[in-house]
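Taking the numbering used here, the leading residue of the sequence shown gets -4, the next gets one more, and so forth.
Quick reminder that beta carbons are idealized off the backbone N, C-alpha and C, glycines included.
The structure presented is a predicted model; accordingly, all values stated were derived computationally and were not measured.
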Amino acid sequence: MQHPQSTQSRATNSARDYRNVTLKQILVVEDERPIREMVVFGLRRAGFQVREAADALAARAAVANNRPDLLIVDWMLPDTSGLELTRQLKRDRETSDLPIIMLTARSEEADKVAGLDGGADDYLTKPFSPRELVSRINAVLRRGAPVAAATNIEFDGLALDRASQRVTAGEHAVPLGPTEYRLLVFLMTHAERVYSREQLLDRIWGGNVYIEERTIDVHIRRLRKALQEFGYDRFIQTVRGSGYRFSTRAA
Ligand code: CA
-4 MQHPQSTQSR ATNSARDYRN VTLKQILVVE DERPIREMVV FGLRRAGFQV REAADALAAR
56 AAVANNRPDL LIVDWMLPDT SGLELTRQLK RDRETSDLPI IMLTARSEEA DKVAGLDGGA
116 DDYLTKPFSP RELVSRINAV LRRGAPVAAA TNIEFDGLAL DRASQRVTAG EHAVPLGPTE
176 YRLLVFLMTH AERVYSREQL LDRIWGGNVY IEERTIDVHI RRLRKALQEF GYDRFIQTVR
236 GSGYRFSTRA A
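Printed below as a string of structure tokens:
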């Protein structure tokens, strides 16, 4: 390509660096407290950011509120079964690419097949060591990464190549800073949906970072400015009283 040394490629590098230092976030869904605490403890020690849910309902709320990088789901839950929760998440377009590792007390082959058929990415039988769980998590995260990163998205000539982290408008590279890039990736992969400032902060900066909601407006403004030259700023729409949305339709 003709833009290897542009500002855009420098921005791309810093976006990648940022992602490498971000802790992976795991949601542990298990009702039995001793097991949940053992898993949480092991994962925190291994350097993961961990959240907990004691049933399927709490798990769905936690995923909707702040999407984790991976879920550990126990088969036996008090409300909906772990298998059904996995099926629901894999059916939903928003969460279908979320990696899930299932836990079960039973080692029957039939269960393993059912778990994997339900959409689980891996399967672990109790009792297991935290070390074994960590190695499975790392394997699943490695497996998932290139597939998710390779996705190309295009709307009316505005194209996003997540493998090379390039944004182009027809023939031209669109120079974006790392935050504007991540903002655009999020909005383009969730087109036609309205997100509040709070939701955007959660999804793009992660839930544990304290940033003023108005910061979002600054980055939206920069993103629009970068897209304006190519006439694509109209895709980044303000929805009064609610937040922002990416749409190719008139606001
Ligand atoms: Ca359980």
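Query, Result
"By the DSSP assignment, the alpha helix (DSSP H) with Arg161 in it spans what residues?", "Premise fails: Arg161 lies in the beta strand (DSSP E), 161 to 164, not in any alpha helix (DSSP H)."
"Alpha carbon to alpha carbon, how far is Arg82 from Asp106? Give it in angstroms, no decimals.", "14 Å"
"Within a Cβ cutoff of 7 Å, which residues of the same chain sit near Ser76, ignoring the five residues on either side of it in sequence?", "Trp70"
"Leaving out five residues on either side along the sequence, give the residues of the same chain with a beta carbon under 7 Å from the beta carbon of Glu47.", "Val23, Arg31, Val35"
"Could you give the first and the last residue of the continuous beta strand (DSSP E) run that contains Glu224?", "It is not in any beta strand (DSSP E) - Glu224 carries neither H nor E in the DSSP assignment."
"Shorter than 7 Å, the distance from the beta carbon of Met97 to the closest heavy atom of ligand 1, or not?", "no"
"Taking a contact to mean a Cβ-Cβ separation below 8 Å, would you say Thr90 touches Val58 in this structure?", "yes"
"By a C-beta neighbour count over all protein chains shown, 10 Å radius and 16 as the cutoff for buried, is Tyr239 buried or exposed?", "buried"
"Could you tell me whether the stretch 218 to 235 touches the stretch 192 to 201, using the rule of 3 or more Cβ pairs below 8 Å?", "no"
"Using the three-state DSSP reduction, which class does Ala48 fall into: helix, strand or coil?", "strand"
"Please list, in chain order, all residues of the same chain as Glu25 whose beta carbon is under 6 Å from its beta carbon, the five residues on each side excluded.", "Arg31, Asp69"
"Any contact of the stretch 94 to 103 with the stretch 213 to 231, i.e. 3+ C-beta pairs under 8 Å?", "no"
"So, at 6 Å on beta carbons, what are the nonlocal neighbours of Ala154 in its own chain, with the 5 sequence-adjacent residues on each side left out?", "Thr163"
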